[in-house]
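J.: Here you go, one structure.
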Amino acid sequence: MKQIYKVNIATGINYECLGASEIALAIGDEVVVRCERYLDFGTVCSVSDELVEDEAGLEKKRAQHSKGRHIEGQKIPQILRKATDEDKNQALDNRTKALEAHKSTQERIRAHRLDMKLIHTHYAFDRKLLLFQFSAEGRVDFRELLRDLSSLFRIRVELRQIGVRDEAAILGGIGTCGRPFCCASFLPSFNSINVKMAKQQGLSLNPQNISGTCGRLKCCLQYEAEAYRQAAAELKAQQQQAASNKDDKQGESDNEGDSSKQQPQTAGASQKSPQGARSNRRNTGNRSGEGGRGNRGNRPPGQRRQRSSGPLPPRNPNKAPLPPVSDEGAAATPAPKQADQPGAQSPTASDGQS
3 MKQIYKVNIA
13 TGINYECLGA
23 SEIALAIGDE
33 VVVRCERYLD
43 FGTVCSVSDE
53 LVEDEAGLEK
63 KRAQHSKGRH
73 IEGQKIPQIL
83 RKATDEDKNQ
93 ALDNRTKALE
103 AHKSTQERIR
113 AHRLDMKLIH
123 THYAFDRKLL
133 LFQFSAEGRV
143 DFRELLRDLS
153 SLFRIRVELR
163 QIGVRDEAAI
173 LGGIGTCGRP
183 FCCASFLPSF
193 NSINVKMAKQ
203 QGLSLNPQNI
213 SGTCGRLKCC
223 LQYEAEAYRQ
233 AAAELKAQQQ
243 QAASNKDDKQ
253 GESDNEGDSS
263 KQQPQTAGAS
273 QKSPQGARSN
283 RRNTGNRSGE
293 GGRGNRGNRP
303 PGQRRQRSSG
313 PLPPRNPNKA
323 PLPPVSDEGA
333 AATPAPKQAD
343 QPGAQSPTAS
353 DGQS
């Protein structure tokens, strides 16, 4: 069984390496790593708790995880040995030569008028590889530049384009929180971040507040996203449960109110039934015919009382009291007035004949 170590080769370049069983390493140890075509120098930054038998086991483990932002070798690197004093001096000399190559390459980029920004230059430990990392807004045709650099340094030259997040991780800096960039200090890879995470946390959607120095959404938005997502789901379930309990209580109170209203109505109806019978008998009396009021108790609600179609009695213009009603139910006819002249008589049939 072999131990898995993560070795930091340079800024933004990390390798997952297999360590020999006879070599005991700890975090911070400087080691020499054998890659596919060259040797490199780095520092152990983490030790995995998992053990693998061979390279196939590590390849299977790496396939289960998404590819990170850090540059990895074509094959699984192997840790050869702990770095000696001579190895450390050579690594320091390589860093000095990498700075000189960085300046020369910037001049060649300006000469070729390429829209690219050189970020970092790295020399391999055995000086068989010179790696340049650059950023650009779009695709850059650097074939002429590559041939020029190969003839200048006389070694294998590799140009790799990186994104703005990788650029921030390599250059480093201080964030708005006052701490070093997460990507430059401890984040092993970039995860997917979206605006929905900021909405769930109730943050302002102002781009200046939720964007980092790189111009992308801050990596720290994902730290509490899962906790807020779980809290929102639990709160929604509690609200639904509370609404269901409220509906049940409202239904029970409505049922109790209906039953309490029905009982008094039934008792009142049983007590008032004789009075209702008397009113029905009174309504069905002499006035129930034409011109009468009819059975008012049986009239449907909303229906107006129908007036009689017979002639109405004449109205007294002097507003005198109406004549009394006779026993037969008809008004008594007043006697005709006599003439004011004395001795005047109404004509009769006998007078006309004479």
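Quick note: the sequence shown uses the working numbering, first residue 3, plus one each step.
Ideal Cβ positions, reconstructed from N, Cα and C, are used throughout, including at glycine.
(1) Just to confirm the assignment, what range does the alpha helix (DSSP H) spanning R97 have?
(2) Just verifying my parser: in three-state terms, what is the DSSP assignment at G21?
(3) What do you reckon, are the CB atoms on E169 and I121 nearer than 7 Å?
(4) Since D51 contacts R110 with CB under 8 Å, what's their CB separation in whole angstroms?
(5) DSSP three-state call for D42: helix, strand or coil?
(6) With DSSP collapsed to three states, give me the class of C222.
(7) Check the DSSP bridge columns for I6 and list the partner residues they point to.
(8) List the residues that DSSP assigns as beta-bridge partners of T123.
(9) Q5: buried (16+ other C-beta within 10 angstroms of its C-beta) or exposed?
(10) Terminal residues of the continuous beta strand (DSSP E) containing Q210?
(11) With H, G and I counted as helix, E and B as strand and the rest as coil, what does DSSP make of V166?
(12) What residue does the beta strand (DSSP E) around L82 start on, and which one ends it?
(13) Short of 6 Å in beta carbon distance, which residues of its chain neighbour E32, apart from the five on each side in sequence? Order them along the chain.
(14) To which residues of the same chain is T137 closer than 8 Å at the C-beta, ignoring the five residues directly before and after it?
(15) Can you grab the Cα-Cα spacing for the pair P209 / H124, in whole Å?
(16) Just mark Y225 as buried or exposed, buried being the case when its beta carbon has 16 or more other beta carbons within 10 Å.
(17) Please classify E32: does DSSP put it in a helix, a strand, or coil?
(18) Assuming the contact rule is C-beta atoms closer than 8 Å, L173 and V142 should be a hit. Round their C-beta distance to whole Å, please.
(19) In chain order, what residues of the same chain lie with their CB nearer than 7 Å to the CB of N193, ignoring the 5 residues before and after it?
(20) Taking the alpha carbon of E139 as the point to measure from, which residue in C216, K8, C222 and E24 has its own alpha carbon closest?
(21) Would Y7 and G21 be called neighbours here (beta carbons separated by less than 7 Å)?
(22) Give the secondary structure of A12 by DSSP, where H, G and I count as helix, E and B as strand, and everything else as coil.
(23) Could you please give me the residues that DSSP links to I176 through a beta bridge?
(24) Is the CB-CB distance between R97 and L131 below 7 Å?
(25) Which residues does DSSP list as the beta-bridge partners of E160?
(26) Would you mind working out which of L94, I81, S23 and F144 sits nearest L53, comparing C-alpha positions?
(27) Give me the residue from A233, Y17 and V35 with the minimum Cα distance to I25.
(28) What do you get for I2, buried or exposed, if any count of 16 or more other CB atoms within 10 angstroms of its CB means buried?
(29) With distance defined between alpha-carbon atoms, name the residue in R181, F43 and A186 nearest to Q92.
(30) Round the Cβ separation of Q202 and G14 to the nearest angstrom and send it over; I've been treating them as touching at under 8 Å.
(31) So, with DSSP's three-state summary, where would you put I73?
(32) Is M3 buried or exposed, if buried means 16 or more other CB atoms sit within 10 Å of its CB?
(33) Under the three-state reduction of DSSP, which class applies to L148: helix, strand or coil?
(34) Which of the three DSSP states is assigned to L189 in this structure?
(35) To the nearest angstrom, how far is it from the Cα of E254 to the Cα of Q240?
T.: Checking against the coordinates, here is how it stands:
(1) Start and end: D87 to H114.
(2) If DSSP states are grouped into helix, strand and coil, G21 belongs with the strands.
(3) Cβ distance < 7 Å, so E169 and I121 count as in contact.
(4) About 46 Å separates the beta carbon of D51 from that of R110, a gap too long to meet the 8 Å contact definition.
(5) Strand at D42.
(6) Of the three classes helix, strand and coil, the one that applies to C222 here is helix, per DSSP.
(7) DSSP lists L20 as partners of I6.
(8) The partner list for T123 (beta bridge, DSSP) reads F134.
(9) Buried, by the Cβ-count rule.
(10) That residue, Q210, is in no beta strand (DSSP E); its alpha helix (DSSP H) goes P209 to I212.
(11) DSSP places V166 in helix when its eight states are reduced to three.
(12) For L82, the enclosing beta strand (DSSP E) stretches over residues Q80 to K84.
(13) Within the same chain, T45 and A85 come within 6 Å of E32 by CB-CB distance, once the 5 residues on both sides are set aside.
(14) First, the residue type needs correcting, since residue 137 is Ser and not Thr in the sequence shown. Taken in chain order, the residues that qualify are M118, K119, I121, Q163, I164, G165, V166, D168 and E169.
(15) Rounded to the nearest whole angstrom, the C-alpha separation of P209 and H124 is 34 Å.
(16) Of the residues assessed, Y225 falls on the exposed side of the cut-off, its CB having fewer than 16 other CB atoms within 10 angstroms.
(17) It is a strand residue.
(18) L173 to V142, Cβ: 19 Å. No contact.
(19) Hits under 7 Å: Q224.
(20) Closest option to E139, Cα to Cα, is C216.
(21) Yes. Within cutoff.
(22) Looking at A12 - three-state DSSP - the assignment turns out to be strand.
(23) Assignment of beta-bridge partners to I176 by DSSP yields P182.
(24) Contact flag unset, no.
(25) In the DSSP output, where bridge partners are listed per residue, E160 has L133.
(26) Cα-wise, what sits closest to L53 is S23.
(27) Each of A233, Y17 and V35 was checked against the Cα of I25, and the nearest Cα belongs to V35.
(28) Nothing can be reported for residue 2: it is not among the residues displayed for the chain, which extend from 3 to 356.
(29) By alpha-carbon distance to Q92, the top candidate from R181, F43 and A186 is F43.
(30) With 8 Å as the limit, Q202 and G14 do not qualify as a contact, their Cβ atoms being about 31 Å apart.
(31) Because the pLDDT of I73 is 43, which lies under 50, any placement of that residue in the model is unreliable, and the number read from its coordinates should be weighed accordingly. In the three-state scheme derived from DSSP, where H, G and I count as helix and E and B as strand, I73 is classed as coil.
(32) The residue in question, M3, is exposed, as its Cβ has fewer than 16 Cβ neighbours within 10 Å.
(33) Of the three classes helix, strand and coil, the one that applies to L148 here is helix, per DSSP.
(34) Secondary structure of L189 (DSSP, three-state): coil.
(35) Their Cα atoms are separated by approximately 21 Å.
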